[in-house]
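Shown next, in structure tokens, is the structure this report addresses.
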Amino acid sequence: DAGITQSPRHKVTETGTPVTLRCHQTENHRYMYWYRQDPGHGLRLIHYSYGVKDTDKGEVSDGYSVSRSKTEDFLLTLESATSSQTSVYFCAISESFTESAYYGYTFGSGTRLTVV
Amino acid sequence: SQQGEEDPQALSIQEGENATMNCSYKTSINNLQWYRQNSGRGLVHLILIRSNEREKHSGRLRVTLDTSKKSSSLLITASRAADTASYFCATDATSGTYKYIFGTGTRLKVLA
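Residue numbers (our numbering), protein chains in the order written: chain A, 1 to 116; chain B, 117 to 228.
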């Protein structure tokens, strides 16, 4: 997807190991988000960022941490991967939010993570 | 818990027919969005409707919003095989914020 890339695209890791997923944007958007997608649950918000070093928790943040040291990069870390964190992870970005000029998220292509 | 819930979970129609899917949500919102996801890909933003709007059109898409019933519908007219995808609604988690909660989606299959 134009302007937003996720890496890696696929990863298999062992239980108990730390894992970091990267989201990189070239749009200079202020807001960045991490979601996970699982069958029957849709997309659930893990963490989001509203500026450099400004982050907050979403609805399923346990076991995850994030960092944003630059506008363009938003990192998601699984501190000690568990099998329940096997999922597809999506990063999304959006422009500054105003009532009159909000056009939705732009999503990355996703990272498929398998924890064995 | 999910803010938005789509109905039906799955829908199969013939090419040329119209497809209607519904979204219900629980709390007041500022706006509601619809997204499409093709298999194995990220979501693509389709349309946004604000809480003070009742209907919006974009090409073959028509979205309605009924805030009294806390529901929205997405109509795709004259469907094509390329419309085969999952469709999600998303609502702001707390009215006026920039966090969006997604429903579980409707899987649409358009048969050629």
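Ideal placement from N, C-alpha and C gives every residue a C-beta, glycine not left out.
Out of curiosity, what's the CA-to-CA distance linking residue i and residue j?
i, j, result
"residue 164/B", "residue 187/B", "14 Å"
"residue 162/B", "residue 74/A", "25 Å"
"residue 153/B", "residue 125/B", "14 Å"
"residue 16/A", "residue 64/A", "13 Å"
"residue 36/A", "residue 59/A", "11 Å"
"residue 134/B", "residue 128/B", "11 Å"
"residue 27/A", "residue 160/B", "16 Å"
"residue 53/A", "residue 22/A", "15 Å"
"residue 140/B", "residue 191/B", "15 Å"
"residue 217/B", "residue 20/A", "24 Å"
"residue 123/B", "residue 224/B", "11 Å"
Where does residue i sit, in a helix, a strand or coil, going by DSSP?
i, result
"residue 62/A", "coil"
"residue 80/A", "coil"
"residue 125/B", "coil"
"residue 227/B", "strand"
"residue 135/B", "strand"
Span of the beta strand (DSSP E) holding residue i?
i, result
"residue 206/B", "201-208"
"residue 42/A", "42-51"
"residue 93/A", "87-94"
"residue 11/A", "10-13"
"residue 147/B", "147-153"
Whose C-beta lies closer than 6 Å to the C-beta of residue i among residues of the same chain, with five residues either side of it excluded?
i, result
"residue 180/B", "171, 189"
"residue 103/A", "none"
"residue 112/A", "10, 88"
"residue 45/A", "35, 58, 59"
"residue 31/A", "50, 94"
"residue 149/B", "164, 206"
"residue 114/A", "12, 86"
Beta-carbon within less than 7 Å of residue i's beta-carbon, same chain only, minus the 5 sequence neighbours each way: which residues are those?
i, result
"residue 29/A", "93, 94, 95"
So, at 8 Å on beta carbons, what are the nonlocal neighbours of residue i in its own chain, with the 5 sequence-adjacent residues on each side left out?
i, result
"residue 55/A", "47, 48, 49, 66, 67, 68"
"residue 163/A", "A question about residue 163/A goes unanswered here, because the residues of chain A that appear run from 1 up to 116."
"residue 174/B", "162, 163"
"residue 108/A", "1, 4, 5, 6, 23, 90, 91, 92"
### Message
Any C-beta of chain B within less than 7 Å: which residues of the stretch 15-41 of chain A qualify?
### Response
31, 40, 41
### Query
Name the residues in the stretch 120-142 of chain B whose C-beta lies less than 7 Å from a C-beta of chain A; which are they?
none
### Query
In chain order, what residues of the stretch 50-65 of chain A put their CB closer than 9 Å to some CB of chain B?
50, 56, 58, 59
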